[in-house]
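Contents: one structure, followed by commentary.
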Amino acid sequence: EKGGFDHFMLKEIYEQPRSIKDCMRGRIYPKEGKVQLGGIKDYTEKLKNIDRIVIIACGTSWHAGLVGEYLIEEYARVPVEVEYASEFRYRNPIISEKDLVIAISQSGETADTMAAIELAKEKGATIFGICNVVGSSIPRITHAGVYTHAGPEIGVASTKAFTAQVTVLTLMALYIAQQRGSIHQGEMVKMLTELDEIPSLVEQCLKSNDTVLAISEKLKDSRNCLFLGRGSGFPVALEGALKLKEISYIHAEGYPAAEMKHGPIALIDEDMPVIFIATKNSSYEKVISNIQEVKARKGKVIAIVTEGDKEVKKMADYVIEIPDTNEAYLPLLATIPLQLLSYHIAVLRGCNVDQPRNLAKSVTVE
Ligand code: M6R
Numbered sequence: 246e247k248g249g250f251d252h253f254m255l256k257e258i259y260e261q262p263r264s265i266k267d268c269m270r271g272r273i274y275p276k277e278g279k280v281q282l283g284g285i286k287d288y289t290e291k292l293k294n295i296d297r298i299v300i301i302a303c304g305t306s307w308h309a310g311l312v313g314e315y316l317i318e319e320y321a322r323v324p325v326e327v328e329y330a331s332e333f334r335y336r337n338p339i340i341s342e343k344d345l346v347i348a349i350s351q352s353g354e355t356a357d358t359m360a361a362i363e364l365a366k367e368k369g370a371t372i373f374g375i376c377n378v379v380g381s382s383i384p385r386i387t388h389a390g391v392y393t394h395a396g397p398e399i400g401v402a403s404t405k406a407f408t409a410q411v412t413v414l415t416l417m418a419l420y421i422a423q424q425r426g427s428i429h430q431g432e433m434v435k436m437l438t439e440l441d442e443i444p445s446l447v448e449q450c451l452k453s454n455d456t457v458l459a460i461s462e463k464l465k466d467s468r469n470c471l472f473l474g475r476g477s478g479f480p481v482a483l484e485g486a487l488k489l490k491e492i493s494y495i496h497a498e499g500y501p502a503a504e505m506k507h508g509p510i511a512l513i514d515e516d517m518p519v520i521f522i523a524t525k526n527s528s529y530e531k532v533i534s535n536i537q538e539v540k541a542r543k544g545k546v547i548a549i550v551t552e553g554d555k556e557v558k559k560m561a562d563y564v565i566e567i568p569d570t571n572e573a574y575l576p577l578l579a580t581i582p583l584q585l586l587s588y589h590i591a592v593l594r595g596c597n598v599d600q601p602r603n604l605a606k607s608v609t610v611e
């Protein structure tokens, strides 16, 4: 049932070209420049009139929410806040009928997320769900929603569910943009045409496996790791760090690269590997100067770069290439080598990859 793979996690990582495709099936029409989301189609009028979107989730789903914040603000031009469900519910959040709450959960059973939904509902907000498990509890308590259709995820560390959540959030951002008229038709055609190519680009990212394995050999005895990125590369860094802690038990932190100088830089020495999301996009030059800061302090730099990159290659100890794409879709690609990295490091350390200690697939306690 692991389809020839040693672990469910690896199988699920390799399923991503297909799971992302399944997630988009019947929902995007590149030539017409159109997104269709049947699950929320009754709310198109509502979407024109919302003042704000609040995304609530936990763990990896919360990271997907942070990517969603970039996408929704960029394309739909609606202010977005992303909250940990557990924090949201234990304060007295300001929520009204003009708010749209989007709850994200792979399992659809996370207790904190469910309680936050109930609270937002009492306050009159419209609630959308983004869930993977069909027929789970969250889709039953939300007003509407969009399934991720990633298929069953068995590994405790979420992989394909994350990329499917990001895909749905991309579709939602474009859908809301379409309803609110904040995107030109020509831009829509371009965006959807590029989105349609993502599954095959993810396939290419998987080809970095051997390079990632070789890097994992070098990093496996590290005690700490820092993951840095800017823009939507920041949630990718957070997700990379979470994956590594969960399954390899190496202490890891994700930070926005520019925040490094406000504290974490003190940690950097020759024993501190720093993993950068350093692809060619609007923050490329800035990330390069952050890499220089790390190198100047003898840190070990591992960089995820755009294919053909020369500048970062000159500075980094190791690079992992991923194909070029629209900046909006960077998280879908840059996440793949980080999943492989945590997987290989955990295997090399003899860890139980699919069932890490102290963790459960769905956290049904508060
Ligand atoms: O099922 P959910 O998406 O609601 O679960 C949320 C978190 O418990 C989950 O993402 C957790 O952080 C994973 N172990 C991450 O790999």
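Residue numbers (full-length UniProt numbering): 246 to 611. Quick reminder that beta carbons are idealized off the backbone N, C-alpha and C, glycines included.
Within the same chain, G284, I285, Y288, F373 come within 6 Å of A389 by CB-CB distance, once the 5 residues on both sides are set aside.
Counting only runs that start and end inside the UniProt domain "SIS" (460 to 601), the beta strand (DSSP E) elements of at least 3 residues fall at 469 to 474, 496 to 501, 518 to 522, 545 to 551, 563 to 567. Cβ-Cβ separation between I513 and A402: approximately 27 Å, too far for a contact (criterion under 8 Å).
When C-beta atoms of the segment 567 to 584 are compared with those of the segment 430 to 450, three or more pairs fall below 8 Å, so the two segments count as touching. Around the Cβ of K343, a 10 Å sphere holds fewer than 16 other Cβ atoms; the residue is exposed.
Here the segment 533 to 546 makes no contact with the segment 400 to 418; the two share fewer than three CB pairs at distances below 8 Å.
Secondary structure at R263: helix, using DSSP grouped into helix, strand and coil. For Y320, there is no enclosing alpha helix (DSSP H), as DSSP marks it with neither H nor E. According to DSSP, C376 shares a beta bridge with S350, Y392.
Counted as a single uninterrupted DSSP element, the beta strand (DSSP E) harbouring V299 occupies residues 297 to 302. Secondary structure of T371 (DSSP, three-state): strand.
The alpha carbon of G508 has as its nearest neighbour, out of C376, L471, V557, the alpha carbon of L471.
When distances are taken from the beta-carbon of C596 to the heavy atoms of the ligand M6R, even the shortest one reaches 7 Å or more.
Per DSSP, reduced to three states, the secondary structure at L282 is coil, with no helix or strand assignment.
With distances taken between CA atoms, D441 lies nearest to G271 out of T609, D251, L316, G271.
No Cβ-Cβ contact shorter than 8 Å links I495 with Y563.
Taking C-beta separations shorter than 6 Å and ignoring five residues to either side along the sequence, the partners of V608 in its chain run T355, following chain order.
The shortest CA-to-CA distance from Y335 to any of K291, A591, A365, A309 is the one to A365. Within a 10 Å sphere around the beta-carbon of H429 sit fewer than 16 other beta-carbons, which makes this residue exposed.
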